[in-house]
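Participant:
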Amino acid sequence: MTATGVRARRSRISLPNVITLARLVTVPLIVWLLMDGRFAPAFWLLVAAGLSDAVDGYIARRFNRRTHLGAYLDPLADKALLVGVFVALGVQGHLPSWLVILVVSRDILIIGGALLIHTLTQKLRMAPIWLSKLNTVTQIVLAVLVVAELGLATSLTPLTAPLIGLLIWVVALTTVASGGQYVVTWLQRLIRLEDER
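This is the structure in structure tokens:
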């Protein structure tokens, strides 16, 4: 095998991709812990998963370890984690059902739109918009706070309850706004595609 072949093989299994895969693998465990009422271990795993999202992105940028696989894998891991956690918390009544439906519907919209663009253009570029990144951060913070309130100590409630109430509306607003921005972006691409034909 040539040196170029070795480098190409290594790039597919870069450290950021390994961290992202580890986050993806923890999703069923976190959801199981939540559904089983084991909120303290679920909290620590959720914090680790949230931190891993920041760490893999930093390593990929800082050490030039970005890969084509990572561009698809990272948002997939984020969506799997957040949808799983939000659905688990919603089923148990710890998050409002309307918010869970909104978050899940937006992710279905994004995945469906991405598949449509790929089918029509064969040129799908995974480049999350800044509003979507903000939405992901607010969703992670809300999930962590809710699970912390359930699993760490009831003394946290006076501190977290008002913040959770505020974050529910921030998540709802950024979910609707980022979903709308994706729709506008995709419509512009489709219009350009039609103009080129």
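Start counting the sequence shown at 574; every next residue gets the next number (this note's numbering). Yeah, the Cβ is synthetic: ideal placement off N, Cα and C, and Gly gets one too.
1) Count the other C-beta atoms from every protein chain shown that fall within 10 angstroms of the C-beta of Ala734, then say buried if there are 16 or more, exposed otherwise.
2) As a quick exercise: from Ser751, Val743, Ala633, pick the residue whose alpha carbon is nearest that of Ser678.
3) Is it buried or exposed for Tyr755, if we count other Cβ within 10 angstroms and need 16 for buried?
4) Alpha carbon to alpha carbon, how far is Ile592 from Leu515? Give it in angstroms, no decimals.
5) Cβ of Arg638 within 7 Å of Cβ of Pro589?
6) Have a look at Asp651, Arg611, Val717, Ser587 and flag the residue whose alpha-carbon is nearest the alpha-carbon of Leu642.
7) Identify whether Gln754 lies in helix, strand or coil by the three-state DSSP scheme.
8) Quick check on the burial criterion: 16 or more other C-beta atoms within 10 angstroms. Buried or exposed for Ala581?
9) Assuming Leu655 contacts Ala745 (C-beta within less than 8 Å), just tell me the rounded distance between them.
10) Can you check which of these residues, Pro731, Leu704, Val743, is closest to Thr758 by C-alpha distance?
11) What is the DSSP secondary structure of Gly746, reduced to helix, strand or coil?
12) Ignore the nearest five residues each way along the sequence and tell me which others in Ala716's own chain have a CB closer than 6 Å to its CB.
13) Exposed or buried, Ile683, counting other C-beta atoms within 10 Å across all chains shown (16 or more means buried)?
14) On the CB-based measure, 16 or more other CB atoms within 10 Å of its CB, does Phe636 come out buried or exposed?
15) List the whole-angstrom C-beta distance separating Val719 from Leu668, where the pair is believed to meet the contact cut-off of C-beta under 8 Å.
16) Which value, in whole angstroms, describes the spacing of the CA atoms of Leu740 and Lys706?
17) Count the other CB atoms, across all protein chains shown, that sit within 10 Å of the CB of Val673; report buried if there are 16 or more and exposed otherwise.
Facilitator: This is what the structure gives:
1) exposed
2) From the listed residues Ser751, Val743, Ala633, the smallest Cα separation to Ser678 is found for Ser751.
3) buried
4) With the chain covering only 574 through 770, there is no way to say anything about residue 515.
5) Result yes, Cβ atoms of Arg638 and Pro589 sit closer than 7 Å.
6) Ser587
7) In the three-state DSSP reduction, Gln754 falls in the helix class (H, G or I).
8) Low local confidence applies: a pLDDT of 41 at Ala581 is under 50, so the model's placement there is unreliable, and no value is given.
9) In fact, because the Cβ distance is near 14 Å, the residues do not count as touching under 8 Å.
10) Leu704
11) For the record, residue 746 in the displayed sequence is Leu; it is not Gly. Here Leu746 sits in helix by DSSP.
12) Same-chain partners within the cutoff: Val658.
13) Around the beta-carbon of Ile683, 16 or more other beta-carbon atoms lie within 10 Å, marking it buried.
14) exposed
15) 6 Å
16) 15 Å
17) buried
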